[in-house]
Amino acid sequence: MKILVCISKSPDTTSKIGFTDNNTKFDVAGIQYIINPYDEWYALVKGIELKEANGGSVTTITVGTAADEPTIRKALAIGADEAVRIDAEATDAYFVAMQISEYAKDKAFDLILLGKETISYNGAQVGGMVAELLDTPYVSLASKLELNGTTASITREAKGGDELVEGNLPLVISAAKGMAEQRIPNMRGIMAARSKPLNVVAAVAVDALTSTVNFEMPAPKSGVKMIDPNNMDELVALLHNEEKVI
Amino acid sequence: MSVLVYIDSINGVAKNAQEAVFYGSKIAAEHGMETIVVTAGNSDNDTLSALGQYGAKKVIAHNNIELDSQQLTKLVTDVAKENNSSVVIFSQDLTGKAVAPRVAIRLEAGFVSGAIALPSNDFTVKVNAFSGKAYCNMKINSATRVISVSPNSLQPEAGEGTAEVQAESCDLGASRIIVKNKVEQTGEIALPEAELVVSAGRGLKGPENWGIVEDLAKALGAATACSRPVGDAGWRPHHEHVGQTGVAIRPNLYIAAGISGAIQHLAGVNQSKVIVVINTDPEAPFFKAADYGIVGDAFEVLPRLTAAVKAANL
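Going down the list, the sequences are from chains L and P. Take any residue in the first sequence, count from 1 to its spot, add 2: that is its number in the numbering used here. Take any residue in the second sequence, count from 1 to its spot, add 1467: that is its number in the numbering used here.
Listed below in structure tokens is the structure:
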């Protein structure tokens, strides 16, 4: 069983967000990056669990620069066997999907796993794009995955709850909460990660179908208005007449 | 040239689908194009024809509720090509997340997902960025463009008009993903697209106390949600967990009871238009992100709020 897990980085949630160059560039000064939690907690750990149960290998793939190698080493410390870094700054989801599919197209992966979205943009684009580029079925928002030979049983989010679906490998699957539990790398894993292969691959040229124009900060909140806990009629009136939300 | 909007029409047309049609027709009006809807589902012609109120000229309906993402991709791209569509709109719902990226690839179109406002004339689209702490304006450079619209981004305004409904039964091939066990449609309001959300955390002390949360949600017609510790403890189903590693939502109203407001929770709800926080601790960090705050015991405040909502008879 050959498993590919797509790993992206996100600024740590506690990071203070700022921009430079007239709000056209993200200010990376002082930003601590983490592995996107959906990629790490759910997709990567599930891939490792499947390998532990069925044998095979887990390869991670990241589109990023040498500055991203600490997050890639963390994925290896958690239990991936090898890592691939496509040597380029990720510009948009299409660029990332093109790099991943270009790498994966002749490697016969049985499963390509990734998080359902990044916590940065919540875009949910890369999985579907990779699946289309590889002409592979795609199951998004999966919370459970069981393999029986080459058949996968997957629980995924559906309108009004969950549904159980089945498909044959190879598949692209995006992982949501429930798929697996976060694993904290232990000292042995961290030591082993240092000697695991991290292969750097040149990027392919891709048209910029989208580009970032600039960033904006939301208007600051005008401050909280406190309501007397005994006067819920006032709150209802405010929500109805002032805010017009009920 | 046309703007094509894909929506689900299973057991009717949901609000977020009307919103996507309205969004598409606004773009069509700006660029002098007409709006065509393509849909898969089981709804009757009158329901689909009524999409004319939101600007649809024609509705192309495929009567099937079990199409997988590859079949839907074929449906949408075939219709887009037949109708010379230069813009394709989805709602950023479950189907949009699965199908829109595939359609973008097949049409060689630039794709922006999760739009929260109409695009500018040159197709610069505003989206949330960095866990909702900022916005990013992204320009689509290609001639064909795909945009998915974040639910609750604009209020669809119903006007006059009916759409011509055309049945479509083209061969979409076999499904490669088979649904074995379909979820029962409960009639409950789906959290990701909900306009009103009532949420509660550890302050509720145990799953047996959720009745007061559900009562308020029922009175308002709201969806229910919870914080991460509540989901992890199994007090509530995991799909109700809002926050960084659960679901990110942007309802018009978010009422949070007994949730302190950790930054990971805020990351999933900070795009809500109005936030009401109920907490016994006046120092709870959530009050800083709230529009309205109530220092009080959820066990007393929630039933009082429910009674006030019922009394107001909105």
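Backbone N, C-alpha and C define an ideal beta-carbon position, used for all residues, glycine too.
- In this structure, DSSP gives L:Phe-111 a state outside helix and strand, which the three-state scheme calls coil.
- Distances from the alpha-carbon of P:Leu-1539 to those of P:Ala-1565, P:Asn-1550, P:Val-1776 and P:Asp-1560 put P:Ala-1565 closest.
- Residues of the region 1504 to 1534 of chain P with a C-beta less than 9 Å from any C-beta of chain L: none at all.
- Residues Leu-1683, Ala-1686 and Leu-1687 of the same chain have their beta carbon placed closer than 8 Å to that of P:Val-1776, with the five preceding and five following residues left out of the count.
- Between P:Ile-1572 and L:Leu-135, the C-beta gap is smaller than 7 Å, which places the two residues in contact.
- L:Cys-8 is bridged by DSSP to L:Ile-63.
- At a cut-off of 7 Å, the C-beta of P:Tyr-1602 has a neighbouring C-beta in chain L.
- The beta carbon of L:Phe-217 sits closer than 7 Å to some beta carbon of chain P.
- Inclusion of L:Val-132 and L:Ser-176 in the CB contact set at 7 Å is not warranted, their separation being larger than that value.
- Rounded to whole angstroms, the gap between the alpha carbons of L:Val-141 and P:Lys-1493 is 32 Å.
- P:Gly-1713 and P:Asn-1648 have their alpha carbons spaced roughly 23 Å apart.
- Scanning P:Asn-1719, P:Tyr-1721, P:Val-1632 and P:Ile-1644 for the CA closest to the CA of L:Glu-165 turns up P:Ile-1644.
- For P:Ile-1614, the pairing in a beta bridge is given by DSSP as P:Ile-1556 and P:Val-1579.
- If only complete runs of 3 or more residues are kept, the region 1676 to 1747 of chain P shows the beta strand (DSSP E) at 1690 to 1693, 1720 to 1724 and 1741 to 1746, in order along the chain.
- What P:Met-1605 touches in chain L, judged by beta-carbon distance under 9 Å, is Asp-94, Thr-212, Ser-213, Thr-214 and Val-215, going in chain order.
- The Cβ-Cβ distance between P:Thr-1502 and P:Lys-1524 falls below 7 Å.
- Put simply, the backbone Cα of L:Ala-207 is about 33 Å away from that of P:Gly-1640.
- Taking the C-beta atoms as reference points, L:Met-234 is found no nearer than 7 Å to P:Leu-1769.
- Below 8 Å, too few C-beta pairs join the region 57 to 76 of chain L and the region 14 to 24 of chain L to call them touching: fewer than three.
- Taking 7 Å as the cut-off, the Cβ atoms of L:Ala-204 and L:Asp-89 count as close.
- For the region 105 to 124 of chain L, the set of positions with a beta-carbon nearer than 7 Å to some beta-carbon of chain P reads Ile-121, Ser-122, Tyr-123 and Asn-124 in chain order.
- Thr-1540: these are the residues of the region 1540 to 1555 of chain P whose beta carbon lies less than 9 Å from some beta carbon of chain L, given in chain order.
- In the assembly as shown, P:Pro-1749 is an exposed residue. Its beta-carbon has fewer than 16 other beta-carbons within 10 Å.
- Contacts with chain L (Cβ-Cβ distance below 7 Å) from the region 1689 to 1707 of chain P involve His-1705 and His-1706, listed in chain order.
- The beta carbon of L:Asp-29 lies closer than 7 Å to those of Gly-20, Phe-21 and Thr-22 in the same chain, with the five residues before and after it left out.
- Bounds of any beta strand (DSSP E) do not take in L:Gln-127, whose DSSP letter is neither H nor E.
- Counting along the chain, the unbroken alpha helix (DSSP H) around P:Ala-1484 starts and ends at 1482 to 1498.
- In the structure shown, the three-state DSSP call for P:Pro-1659 is helix.
- By the CB criterion at 7 Å, P:Gly-1581 and P:Arg-1612 fall outside the cutoff.
- Looking at the DSSP output, P:Cys-1603 shares a beta bridge with L:Phe-217 and P:Val-1594.
- In the structure shown, L:Asn-201 falls within a strand segment according to DSSP collapsed to helix, strand and coil.
- Annotation for L:Thr-157: the continuous beta strand (DSSP E) segment containing it runs 153 to 160.
- Of the residues P:Ile-1726, P:Gln-1485 and P:Gly-1735, the one whose Cα lies closest to the Cα of P:Gln-1622 is P:Gln-1485.
- DSSP lists P:Leu-1471 and P:Lys-1525 as the beta-bridge partner residues of P:Ile-1503.
- Secondary structure of L:Pro-13 (DSSP, three-state): strand.
- If you ignore the 5 residues before and after P:Gly-1670, its C-beta comes within less than 6 Å of the C-beta of Gly-1725 and Ala-1765, all in its own chain and listed in chain order.
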